[in-house]
Amino acid sequence: MYAVELESVSLRYDEVVALRDITFKSEAGKMVALIGPNGAGKTSILKMLAGLLRPSSGEVRVLGRDPARARGLITYTPQREDVYWEYPLTVRELVAMGNIRRRGLFKWLNTRDSRVDTALRLVMLEDLASRKISELSGGQQQRAFLARAICQSGEVYLLDEPIAGLDAPSESMLLEILKALRDQGKTIVMATHDISATLEIFDYVALIRNELVAFGPPKEVLTSENLVNTYGGSTVALHLDDLEKVAGWK
Amino acid sequence: MFELLAEPMGYEFMRVALLTSVIVAVTCSVLSSFVVLRGWSLLGDAVSHSVLPGIAIALALNIPYLVGALLAGVGSSALIGLVESRARIRNDTAIGVVMTGAFATGLILLSWMRPAMDVFHVLFGNPLGVSPSDMLLSAAIGSLVVFTVALLLKEIVAYTFDPIFSKVIGVPTTILHYTLMILLSLAIVSALNTVGIILVITLLVTPGATAQIVSRNIAQMLGMSILIGAVSAVTGLYLSYYLSISSGGAIAGVATLIFFGVLLVKSLSQWLKRDKD
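Just so you know, the protein sequences line up as chains S and V, in that order.
According to our numbering, the first sequence holds residues 1 to 250 in order.
According to our numbering, the second sequence holds residues 1001 to 1277 in order.
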């Protein structure tokens, strides 16, 4: 059984074809990066895996079942810009949202749940637990989001551009946490623009440009030809530069 | 001072008006926090304006105006969503089209039918004309709103903060959205006699906006919002009695003054703190 599986998946919005015939799969306990330009369909793939969008054709499975039937096992972290950070919530309350399914009606979020403390410890935000979420830096906000997903105790983590706009130390801290989750057997599927970040720790890379350009281990997939096909010629030189520096391929 | 406060309470209509205004203000203020945090201020305005044709049609069909107002309020929010997705226009544009269209329809229907109900009072409210049965209706609506929000508080907070996450973890977001729209329409109906359709948006936005300036968490924000709504209602009604001014206008005006007062104090304290540092 695969943790995530897309088989001949296409997605249309009226006349517009957002995704065409996408097929890839990953076992559990792996990290998968979805890489492609803006509008390539990365978020749409994440939303289909989360059960928020239905494919126009083809099949999407998470842990062998329809995503809608795997709700408790899936965590979804949207882009940071998708929420209103001035919302009057403390970090602890945000993280406790992850255990909302375990609380009955008339009950407030269980902020004293041991899962909340564990999640805060894992992302190193214990000291900021009482702080308002609007007072966090971008990297801390992203770690708080991740703590909420950890508190949810899911098996498959879907993350939409979690490292976008982060400084290097924050990015590296976040990737280390994701690596630790992978080592615990969790499956991570992450949309990103950052090719260099995927090289060392991701097991698979899916290059997307409304269709699957390539899928496989980073060193096999991130070739200049595939990157040209994904991004177009003008931007590729920069990415190849990064690759050479980080991986020392040349 | 005591006499100033006690004198208006010698009249039954003032006692009923005061109680009803406070009930309505508290009802609207409970929802106000979520209207503000979800960015629904314009949507709230649209729902309040859309209630008018519902009332007109209910009067024509001789059914309770509450039913017509409720259906029109919820229907308008559904229509806004439909127009937005089908016409592929921005949300505020869809709201503008539906709100003005519905309000115009209501005005045409009411001017054509000439019902016994005073259109001016529906638009601008008149708490001094509230009957005890109106007060009981407002109290019933207020209890329902408070009970529902208390029942679903963490789900409403999760949905208004991060709707996508809420949907993924299994919160029934569509049902929750329309539950909030029903509560919003009910709150607007309860406010018809006090502040009216035009000014109800003040009670649905301003207490929450004021509370957000000074709150650290959602419980504080809800409490502050309710307090500000209640103080606005009481102060506004007393001002209208002694200054012989519009009661609905006075309540809305006080709420607005409190907002700017709190903003000024907050800005000054931040400025002083920065200066000290």
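Here a beta-carbon is modelled for each residue, glycine too, at the ideal position from N, C-alpha and C.
Using three-state DSSP, classify residue i as helix, strand or coil.
i	result
Gly-104 (chain S)	coil
Asp-21 (chain S)	strand
Met-270 (chain S)	As shown, chain S starts at 1 and ends at 250. That puts residue 270 (chain S) outside it, with no answer to give.
Gly-1142 (chain V)	helix
Thr-111 (chain S)	coil
Leu-1019 (chain V)	helix
Asp-1045 (chain V)	helix
Lys-250 (chain S)	Low local confidence applies: a pLDDT of 46 at Lys-250 (chain S) is under 50, so the model's placement there is unreliable, and no value is given.
Gly-216 (chain S)	strand
Thr-198 (chain S)	helix
Arg-65 (chain S)	strand
Tyr-1011 (chain V)	coil
Arg-12 (chain S)	strand
Glu-59 (chain S)	strand
Lys-1278 (chain V)	It is not possible to answer for residue 1278 (chain V), since the shown part of chain V is limited to 1001 through 1277.
Met-253 (chain S)	Only positions 1 to 250 of chain S appear in the structure, and residue 253 (chain S) is not among them; the question remains open.
Tyr-231 (chain S)	helix
Ile-1188 (chain V)	helix
Ser-26 (chain S)	strand
Please state whether the Cβ-Cβ distance between residue i and residue j is less than 9 angstroms.
i	j	result
Val-123 (chain S)	Ile-177 (chain S)	yes
Ala-1150 (chain V)	Phe-145 (chain S)	no
Gly-41 (chain S)	Arg-209 (chain S)	yes
Ala-147 (chain S)	Leu-125 (chain S)	yes
Arg-61 (chain S)	Thr-90 (chain S)	no
Thr-1206 (chain V)	Ser-1138 (chain V)	no
Ala-28 (chain S)	Ala-206 (chain S)	no
Ile-35 (chain S)	Val-9 (chain S)	no
Leu-1110 (chain V)	Leu-1061 (chain V)	no
Leu-222 (chain S)	Ile-195 (chain S)	yes
Leu-159 (chain S)	Val-116 (chain S)	no
Leu-1192 (chain V)	Ile-1055 (chain V)	yes
Thr-118 (chain S)	Ile-150 (chain S)	yes
Gly-1208 (chain V)	Gly-1248 (chain V)	no
Leu-1204 (chain V)	Ser-1050 (chain V)	no
Ser-1190 (chain V)	Ile-1141 (chain V)	yes
Val-1130 (chain V)	Ala-1058 (chain V)	no
Lys-47 (chain S)	Thr-187 (chain S)	no
Ile-1198 (chain V)	Ser-1048 (chain V)	yes
Gly-139 (chain S)	Glu-171 (chain S)	yes
Met-1135 (chain V)	Ile-1023 (chain V)	yes
Leu-1005 (chain V)	Tyr-1238 (chain V)	yes
Val-1214 (chain V)	Lys-1273 (chain V)	no
Residues of chain V with CB closer than 7 angstroms to the CB of residue i, please, in chain order.
i	result
Tyr-76 (chain S)	Ile-1164, Phe-1165 and Val-1168
Going by C-alpha to C-alpha distance, which of the options sits closest to residue i?
i	options	result
Ala-129 (chain S)	V:Thr-1020, V:Asn-1217 and V:Glu-1003	V:Asn-1217
Pro-169 (chain S)	S:Arg-143, S:Ile-150 and S:Leu-120	S:Arg-143
Leu-1153 (chain V)	V:Ala-1219, V:Val-1262, V:Val-1016 and V:Ser-1246	V:Ala-1219
Ser-1029 (chain V)	V:Arg-1088, V:Gln-1212 and V:Asp-1275	V:Gln-1212
Ser-1244 (chain V)	V:Asn-1126, V:Leu-1059 and V:Gly-1039	V:Asn-1126
Thr-230 (chain S)	S:His-193, S:Leu-181 and S:Lys-219	S:His-193
Met-1014 (chain V)	V:Val-1234, V:Lys-1266, V:Ala-1058 and V:Phe-1260	V:Val-1234
Ala-1078 (chain V)	V:Arg-1088, V:Leu-1107, V:Ile-1089 and V:Ala-1094	V:Ala-1094
Lys-219 (chain S)	S:Glu-200, S:Leu-53 and S:Met-31	S:Glu-200
Tyr-87 (chain S)	S:Leu-136, S:Trp-108, S:Ser-57 and S:Ile-22	S:Leu-136
Arg-54 (chain S)	S:Ser-224, S:Leu-94 and S:Tyr-13	S:Tyr-13
Phe-1124 (chain V)	V:Val-1200, V:Phe-1103 and V:Gly-1261	V:Val-1200
Ile-1258 (chain V)	V:Tyr-1241, V:Gly-1096, V:Val-1098 and V:Thr-1202	V:Thr-1202
Thr-1160 (chain V)	V:Val-1036, V:Leu-1128, V:Ala-1006 and V:Asp-1134	V:Val-1036
Given that residue i touches chain V, what residues does it touch there, using C-beta distances under 9 angstroms?
i	result
Lys-132 (chain S)	Arg-1216 and Asn-1217
Ala-50 (chain S)	Ile-1164, Lys-1167 and Val-1168
Glu-93 (chain S)	Val-1157, Asn-1217 and Ile-1218
Met-97 (chain S)	Lys-1154, Val-1157, Ala-1158, Phe-1161, Asp-1162, Phe-1165, Ser-1166 and Ile-1169
Arg-101 (chain S)	Ile-1169, Gly-1170 and Val-1171
Counting only Cβ pairs nearer than 8 angstroms, list the residues of chain S close to residue i.
i	result
Gln-1212 (chain V)	Glu-86 and Pro-88
Leu-1151 (chain V)	Leu-105 and Phe-106
Which bits of chain S does residue i rub up against, with CB to CB less than 7 angstroms?
i	result
Leu-1037 (chain V)	Tyr-84 and Tyr-87
At a CB-CB cut-off below 8 angstroms, which residues of chain V make contact with residue i?
i	result
Arg-325 (chain S)	What the structure shows of chain S is the stretch from 1 to 250, and residue 325 (chain S) is not part of that stretch, so it cannot be assessed.
Leu-109 (chain S)	Lys-1154 and Val-1157
Gln-152 (chain S)	Ile-1169
Arg-112 (chain S)	Under the 8 angstroms cutoff, chain V gives no residues; its nearest Cβ is about 14 angstroms from Arg-112 (chain S).
Arg-71 (chain S)	Val-1168, Ile-1169 and Gly-1170
Residues of chain S with CB closer than 9 angstroms to the CB of residue i, please, in chain order.
i	result
Met-1221 (chain V)	Pro-88
- Task: Indicate whether the contact test is met: 3 or more Cβ pairs, each with one atom in the region 1059-1071 of chain V and one in the region 1182-1189 of chain V, closer than 8 angstroms.
- Result: yes
Inset, instruction - Please confirm if the region 1169-1181 of chain V is in contact with the region 106-115 of chain S, defined as three or more CB-CB distances below 8 angstroms between the two stretches. - result: no
Next on the checklist: Pairs of beta-carbons, one from the region 1222-1232 of chain V and one from the region 89-102 of chain S, closer than 8 angstroms: are there three or more?
Outcome noted: no
inquiry  = Check whether the region 150-157 of chain S and the region 72-82 of chain S touch, using three or more Cβ-Cβ pairs below 8 angstroms as the test.
reply    = yes
At least 3 beta-carbon pairs within less than 8 angstroms: the region 1247-1256 of chain V vs the region 1042-1061 of chain V: no
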